[in-house]
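> Chains as they are written, first to last, in the numbering used here: chain A, 15 to 427; chain B, 13 to 96.
Here a beta-carbon is modelled for each residue, glycine too, at the ideal position from N, C-alpha and C.
As the structure is a prediction and not an experimental result, all values here were calculated from the model.
Right, I'll just put the structure down here and ask away after.
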Amino acid sequence: MVLRLLKYGLSRGYPVTGDLPPTPDLRASYDVVIVGGGGHGLACAHHLAKYHGIRSVAVLEKGWLAGGNTARNTTTIRSNYMTMQSIAFYKEAVALYEGMSEELDFNVMFSQRGQLTLAHSEATLRAFHLRAETGRHMGIGIEVIGPDEVRARVPELNMDRGGALEIIGGLWHPDGGTARHDAVAWGYAREASRRGVEIHQRTAVTGFGVTGDRVTQVQTDRGVINAGAVLIACGGMNYDMALRAGVDLPIRCFPLQAMVTEPVKPWLHTLVSSVSLHTYLVQSSRGEVVIGGGSDPYQLYSTRSTLDLKEHLAEGAVHLFPFLRGLKVLRQWAGITDMTPDYSPIMGASPLDNLWLDCGWGTWGFKATPVAGKRMAECIATGRVPEVLAPFALSRFARFDLVNEMGATAASH
Amino acid sequence: MKLLTCPLNGPRNIDEFQYLGPLRPDLAEGAADADWAAHLFRAENRPGPMVEWWRHTPSNTVFLAERHTLTDTILRTWLPGAKP
Ligand SMILES: Cc1cc2nc3c(=O)[nH]c(=O)nc-3n(C[C@H](O)[C@H](O)[C@H](O)COP(=O)(O)OP(=O)(O)OC[C@H]3O[C@@H](n4cnc5c(N)ncnc54)[C@H](O)[C@@H]3O)c2cc1C
């Protein structure tokens, strides 16, 4: 990496190459059609081409790469979940992020600066102890720390001593970090297309032709194509897309909002989140303070923002770091998130033989981009669901065998 | 702020209300496990008009609303049992 960077820096004229070829014409058929050009779909395409030798792959994206939730998210990457099934899965995600810039020969700016979740009550602290024990058992970096260590890690925090929101401890997760979201998508896209994957931007899937137990046709606004296998990775539109193939997923869509302030000098060196305040913050490498929180209160298919939610985010942020008061908000936005009843994804087989699901990513799926791509590619290439994905099967709902992550996900993503 | 019309109290700020989710069909007596699973975990989520439960928190009025989930327009609200 370093040598290559040096060579590039010293080369005459800084050779520039286009990252992606222009969108080609659609062919009549592909071995695999991936619906959705977000991080997940592109990561799967990369793994299919590089590790399984499947190169007749089309990624169909109705807008532009990463224009869904991939480039709208607040980029929290972590593995400090509640259940052993989730921790095993997200631990693999973090490990893949650690090697991603090398894997893709593309700097995704992974910054493993640790995540600190704050406890303002004994009840939260007890839940943290449970998460820390389970996490340690599963081999991730995680510990409960007292208020003095919280203060030592983030001296600017308002500890609210004696107040209603006094910080009485924290959950410290040194494995946590962030990465550059659009770089993740573009890195995968470039590698996949180098190996022959076709990326079709501005190509919307409108429906499917289903014969018996198989999807036989993918209908698009640029024509109809045949596919050996189909992956649905449509982010906020997963419910709607699966329904077009007759699959009714246990998903409800809610907007999720975030915002960033104008840049200030670097002062926040970890990710900080507060479950009670429904607020979390991270300072970007440009110095902007990225602020996120809980979902909108009711179902909606819209990326409109509301003043109420933005006020709520600002209130939480200013409570934790009073000196942020007066900073200007530079950008604010929303994404549509596909929420499941247990705050875990739906991955693997569908009721149709050749239709695969990478859905239900809700407010927490950016961190899973590399592992979901890798494991879904394995499903498609081998026809078998790997063990690490088994707990997340659609069939878990009919078995009442949920993977409940609400407590570890609702406010920290 | 967005307004929602409570059938009892008239138009109020939407932050006075609690969303209770889409209307679900009743479950028949002696339903099978699969019906229970669908009843608990599947809910209306198609883009378009949807009927859902809301509660006006200060007056504890639980009522129904029809709302369009693409445009966020509230089409009508009514008390359960009353004619919409
Ligand atoms: C504000 C916000 C903050 C978040 N914060 C975090 C976080 O901190 N950490 C974390 O891990 N996760 C976070 N998430 C969740 C995360 O962003 C998503 O779960 C993840 O990006 C999903 O990736 P994806 O590739 O599956 O979907 P997307 O990136 O949404 O990609 C799906 C693509 O499908 C395309 N599509 C839709 N319909 C069609 C169609 N008909 N035909 C063709 N293409 C179609 C869309 O245009 C889109 O580009 C956050 C989400 C939001 C909105």
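Flag A/Pro-355 as yes if its beta-carbon sits less than 8 Å from any beta-carbon of chain B, otherwise no.
Yes, its Cβ sits closer than 8 Å to a Cβ of chain B.
> From the DSSP output, which residues share a beta bridge with A/Tyr-294?
Paired residues: A/Ser-287, A/Gly-306.
> Find the residues of chain B that neighbour A/Pro-264, judging by a C-beta separation of less than 7 Å, and give them in chain order.
What A/Pro-264 touches in chain B: Phe-53, Arg-54.
> Which residue spans inside the stretch 139-223 of chain A form an unbroken beta strand (DSSP E) run of at least 3?
For the stretch 139-223 of chain A, whole beta strand (DSSP E) runs of length 3 or above, ordered along the chain, are 157-159, 183-187, 212-214.
> Whole angstroms is fine: what's the gap from A/Trp-186's alpha carbon to A/Glu-170's?
Rounded to the nearest angstrom, the two C-alpha atoms are 17 Å apart.
> Could you check whether the stretch 245-257 of chain A touches the stretch 373-382 of chain A, counting it as contact only if at least three pairs of C-beta atoms, one from each stretch, sit closer than 8 Å?
The stretch 245-257 of chain A is in contact with the stretch 373-382 of chain A.
> CB A/Ala-85 to CB A/Ala-256, shorter than 8 Å?
Cβ distance not < 8 Å, so A/Ala-85 and A/Ala-256 don't count as in contact.
> Look up B/His-51 in the DSSP assignment and say whether it is helix, strand or coil.
Here B/His-51 sits in helix by DSSP.
> Can we say the stretch 391-405 of chain A touches the stretch 269-282 of chain A, given the rule of at least three CB pairs closer than 8 Å?
No, they do not touch.
> Go through its chain and collect everything with a Cβ distance to A/Leu-74's Cβ below 8 Å, but skip five positions before and after it.
Closer than 8 Å at Cβ, skipping near neighbours: Val-47, Ile-48, Val-49, Gly-50, Gly-51, His-214, Thr-217, Ala-218, Val-219, Val-232, Thr-234.
> Quick one: give me the first and last residue of the beta strand (DSSP E) that B/His-68 is part of.
Segment 61-68, the beta strand (DSSP E) holding B/His-68.
> For A/Phe-103, I'd like the list of residues in its chain whose CB is within less than 7 Å of its CB, leaving aside the five on either flank, ordered along the chain.
These residues qualify, in order along the chain: Val-385, Val-402.
> At a cut-off of 7 Å, is A/Val-219 close to ligand 1 when judged by its beta-carbon and the heavy atoms of the ligand?
Yes, ligand 1 has a heavy atom inside 7 Å of this Cβ.
> Would you say the beta carbon of A/Lys-279 comes nearer than 7 Å to a heavy atom of ligand 1?
Outside the cutoff, so no.
> Closest to A/Thr-88 by CA distance: which of A/Trp-347, A/Met-390, A/Pro-400, A/Thr-396 is it?
Cα-wise, what sits closest to A/Thr-88 is A/Trp-347.
> Does any C-beta atom of chain A lie closer than 8 Å to the C-beta of B/Thr-81?
Interface residue, yes.
> Mind checking which residues open and close the alpha helix (DSSP H) that includes A/Met-420?
Per DSSP, A/Met-420 belongs to the alpha helix (DSSP H) from 420-423.
> What residues from chain A crowd round B/Asn-72, counting only those whose CB sits closer than 7 Å?
Correct list: empty, because the minimum Cβ distance to chain A is about 18 Å.
> Is B/Ser-71 buried or exposed, if buried means 16 or more other CB atoms sit within 10 Å of its CB?
It counts as exposed.
> Nearest to A/Ser-288 by alpha carbon, out of A/Ala-331, A/Glu-106, A/Ala-57?
Of the listed residues, the one whose Cα sits closest to A/Ser-288 is A/Ala-331.
> Could one say the Cβ of B/Ala-43 lies closer than 8 Å to chain A's Cβ atoms, at least one of them?
Answer no: the Cβ-Cβ gap between B/Ala-43 and chain A never drops below 8 Å.
> Helix, strand or coil: how does DSSP classify A/Leu-40 here?
Three-state result, A/Leu-40: coil.
> Taking beta-carbon pairs under 7 Å, can you tell me which members of the stretch 263-294 of chain A lie near chain B?
Cβ contacts with chain B come from Pro-264, Ile-265, Arg-266, Cys-267.
> Interface residues of chain B around A/Pro-161 at Cβ under 9 Å?
Those do not exist, as A/Pro-161 stays about 32 Å from chain B at its closest Cβ, beyond 9 Å.
> Would you decide whether B/Ala-44 is buried or exposed? Buried here means 16 or more other CB atoms lie within 10 Å of its CB.
By the 10 Å Cβ count, B/Ala-44 comes out exposed.
> Could you check whether the stretch 26-38 of chain B touches the stretch 156-169 of chain A, counting it as contact only if at least three pairs of C-beta atoms, one from each stretch, sit closer than 8 Å?
Contact between the stretch 26-38 of chain B and the stretch 156-169 of chain A is absent, because fewer than three Cβ pairs lie under 8 Å.
> Using a cut-off of 8 Å between C-beta atoms, extract the partners of B/Asp-84 located in chain A.
By Cβ distance, chain A contributes Leu-314, Ser-316, Arg-318.
> Under the DSSP definition of a beta bridge, which residues are partnered with A/Ala-272?
In DSSP, A/Ala-272 forms a bridge with A/Gly-306, A/Trp-347.
> Threshold first: 3 residues or longer. Then list the beta strand (DSSP E) segments lying entirely within the stretch 308-368 of chain A, N to C.
Segments of the beta strand (DSSP E) lying fully in the stretch 308-368 of chain A: 343-353, 360-363.
> B/His-80 lies in the beta strand (DSSP E); which residues open and close that run?
Residues 73-80.
> Cβ of B/Asp-7 less than 8 Å from any chain A Cβ?
With chain B covering 13 to 96 only, the question about residue 7 of chain B has no answer from this structure.
> Using the beta-carbon of each residue, which ones in chain A are nearer than 7 Å to B/Ala-49?
In chain order: Phe-411, Ala-412, Phe-414.
> Got a sec: is the Cβ-Cβ distance from A/Pro-311 to anything in chain B below 8 Å?
With 8 Å as the cut-off, A/Pro-311 counts as an interface residue toward chain B.
> Rounded to whole angstroms, what's the CA-CA distance from B/Glu-78 to B/Trp-90? Just pull it up for me.
Going from the Cα of B/Glu-78 to the Cα of B/Trp-90 covers about 9 Å.
> Can you find the residues in the same chain that come closer than 6 Å, C-beta to C-beta, to A/Lys-342, ignoring five residues on each side of it along the sequence?
If we look at A/Lys-342 and ignore the five residues flanking it on each side, its Cβ neighbours are Glu-276.
> Using the Cα positions of A/Gly-221 and A/Gly-77, report the straight-line distance between them to the nearest angstrom.
Each residue's alpha carbon lies about 16 Å from the other.
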